[in-house]
Amino acid sequence: MGTPEEAANDVWEAVFSGLERLRAQWPDPGWTYDRRLRCVASSIPLSQEAAAQTAIAAALPASWSSATLPDAHEDVRALAATCGGLRASQLLLWGGTPSGPGAFGLWWPWGDGTTVTLRIGLHHLDQPKVRYPRLRDLFGIPQAAGPG
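Heads up: the sequence shown at position 41 corresponds to 42 in this note's numbering, and the numbers run straight through without jumps.
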């Protein structure tokens, strides 16, 4: 059995492996960085939703809507609040245990009814100066100058 730091690194390796598979299967190669929420983001036509859901399934298997969020773990509810809450058509997707390290996704359909944006971020970070740059690198986003 390894040290707690080694165990945490193993968990993060699994998280990033799942996100790498998600990116490889995602219907659009274009990703941007949302500095406000510290998330990578990609917008796709809703006509590609089935392919997107297939890509998401393994990395972010749990989901909550505005209707089911009240029953979620307190850490999930707190993250939803930090991101501005959930509207009726939005989902909070979750990878990892609710109180442990992992990734989250924000599935936010646009008001035009034809486009959706997926934002992917990290929860329960132990080393933000290591994990955020790795997230950006994984999704092909150049590193920003200054604090990230």
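All residues carry an ideal CB built from backbone N, CA and C; glycine is no exception.
### Task
Just the C-alpha distance for W13 and G122, rounded to the nearest angstrom, thanks.
13 Å
### Task
Can you grab the Cα-Cα spacing for the pair L93 / V131, in whole Å?
24 Å
### Task
Confirm, please, whether the CB-CB distance from T116 to L47 is below 8 Å.
yes
### Task
For R135, name the three-state secondary structure that DSSP assigns.
helix
### Query
Alpha carbon to alpha carbon, how far is R88 from G101?
25 Å
### Task
Leaving aside the five residues before and after P129 along the sequence, list all residues of the same chain whose C-beta is less than 7 Å from its C-beta, in chain order.
none
### Task
Could you please give the first and the last residue of the uninterrupted alpha helix (DSSP H) stretch that includes T55?
E50 to A60
### Query
Under 8 Å between the Cβ atoms of A51 and L119?
no
### Beta-carbon proximity of G103 to H125, cut-off 8 Å
yes
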